[in-house]
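Per this note's numbering: the sequence shown = residues 166 to 533.
Every residue gets a Cβ at the ideal spot worked out from N, C-alpha and C, and that includes glycine.
Step one of this worksheet: look at the structure below.
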Amino acid sequence: MSRRIPCIAVLVSLVLLSGLCPAEPRHRLRVRMPSAAGTYYPDDPGVLLNTLKGFFDAADTPEVPDFLAGCIVSPAPYGLAGPVTAHAFKSLQPGQYDRVIILTPSHTAQIENCSIAAVDAYVTPLGPVPLDAEAARTLLFSPLFTSRSLQYRKVAQREQVHEYEYGDEALLPYLQERLREFKIVPIVVGKLTDATDKFNPGAVEGIVDALKPLLDGRTLVVASSSFTHFGNDFSNRPFNDNIVEGIEHLDRQAFELVLARDMNGFERYLTKTKNVIDGARCIQILMRLLPERCRSRILAYEISGVKTGDLNRSISFAAFTFHDPAQPAAEARPDKVRPLPVHVQPPAREGADSGTPPVESVPQESKP
């Protein structure tokens, strides 16, 4: 059964998004509705905002006067990764960026290169986020990028690349809480392999060449990725003893290469260790895309198995930032952005039941 976002203000925002109610709209608004609300993050707008504010308030991050060019964050469920992911986004201020490029691995379909959803906006419980249509059109001139329409009804021989992808969607509420208004270029990244199914660095360079013209002082690049996926569920269990120490060792090796932005060394590490890092290709694109002068930092790190007590299935989360010392921090423009179209309820009293959000189900097309 379809579920609707419980907020009339979202519908009002969609009208505003479509061009302040033109008498003759150019086309029917194409919207990508949330598939992870209620599972990966709260679907109640007030609960969601309070959750995010709690993460940001608790995140202890250094103040850096330089331009934040990019970051690596995990899109995993908020109850696990939220406190870590918030570290990378905490410094963002309302109206500070006009555009956010999100690189996410494909978690739900097998694709070779890059795909962009053929929509006008993504919707979360906090409202719509418009797609940067001009930027998307520019990228589609590259043979490494394709555009796909949404089709929620399963069709033979057609991959559902964007309909259920959480790697970009789950990051949007963090960005909405901090920036308020911005446009997105959500890119689902595929395998990037050659005819022999080996990593193709030329594909990374081609993607970087297509993306570079979009980089300016008002654009943020986000790579969506977790790190070590340990356990039989991920076909990755290289050791059975001293599991925490083993996971930490795998992660630290990867972190050193990310901080050094050594794309080829990172690939050799993946080949040697067979470690499962879902957004490895997104990370490699980010390594090559940002200016070499950028200074990399790791702000937070956590192993889910330590948090949950289940080391048979564990995912590592880390928050990285990349600052360009040649540019000052982007100017915040709080007076240029509208407030979020939701009313935040005060946090529930300790011991009170604030309610459990229902599980989200993706809207299905009606049967003919």
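Using a Cβ distance threshold of 9 Å, Ser479 and Ile468 count as a contacting pair. When the Cα atoms are used, Thr358 and Ser312 turn out to be separated by approximately 19 Å.
Excluding sequence positions up to five before and after Glu324, its CB lies within less than 6 Å of the CB of Ala274, all in the same chain and listed in chain order.
Rounded to whole angstroms, Gly332 and Ile276 show a C-alpha spacing of 15 Å. Residue pairing for His394: DSSP places it in a beta bridge opposite Ile480.
Considering only Leu194, Ile237, Lys348 and Thr204, the residue with the shortest C-alpha distance to Asp443 is Ile237. Less than 9 Å divides the Cβ of Tyr205 from the Cβ of Tyr243. Looking at the DSSP output, Leu296 bridges to Ile349. Beta-bridge analysis with DSSP links Pro493 to Asp231.
For the set Gly470, Val265, Asp209 and Asp500, the Cα lying nearest the Cα of Ile352 is the one of Val265. Look at the segment 362–444 and you find these whole runs of beta strand (DSSP E), each 3 residues long or longer: 384–389 and 394–396.
Beta-carbon to beta-carbon, Ser390 and Ile448 are separated by about 6 Å, close enough to satisfy the 8 Å threshold.
In the DSSP assignment, Ala286 falls within the unbroken beta strand (DSSP E) covering Ala286 to Thr289. In this structure, DSSP gives Cys459 a state outside helix and strand, which the three-state scheme calls coil. Phe399 and Val441 have their C-alpha atoms some 7 Å from each other. Taking C-beta atoms as the reference points, Glu330 and His272 count as a pair closer than 9 Å. For secondary structure counted as the beta strand (DSSP E) over 3 or more consecutive residues, the segment 298–334 holds these complete runs in sequence order: 310–313.
Distance from the Cα of Val502 is smallest, within the candidate group Phe254, Phe487, Thr486 and Tyr262, for Tyr262.
Of the other Cβ atoms in all chains shown, fewer than 16 fall within 10 Å of the Cβ of Thr473; this residue is therefore exposed. Pairing Asn278 with Gly355, the inter-Cα distance amounts to about 5 Å. Tyr206 sits in a strand when the DSSP states are folded into three classes. Thr289 sits buried, since 16 or more C-beta atoms from the chains shown fall within 10 Å of its C-beta.
Taken through DSSP and simplified to helix, strand or coil, His488 comes out as strand. A direct Cα-Cα distance of roughly 12 Å separates Gly260 from Ala494. Ala282 sits in a strand when the DSSP states are folded into three classes. For Thr269, the enclosing beta strand (DSSP E) stretches over residues Arg264 to Pro270.
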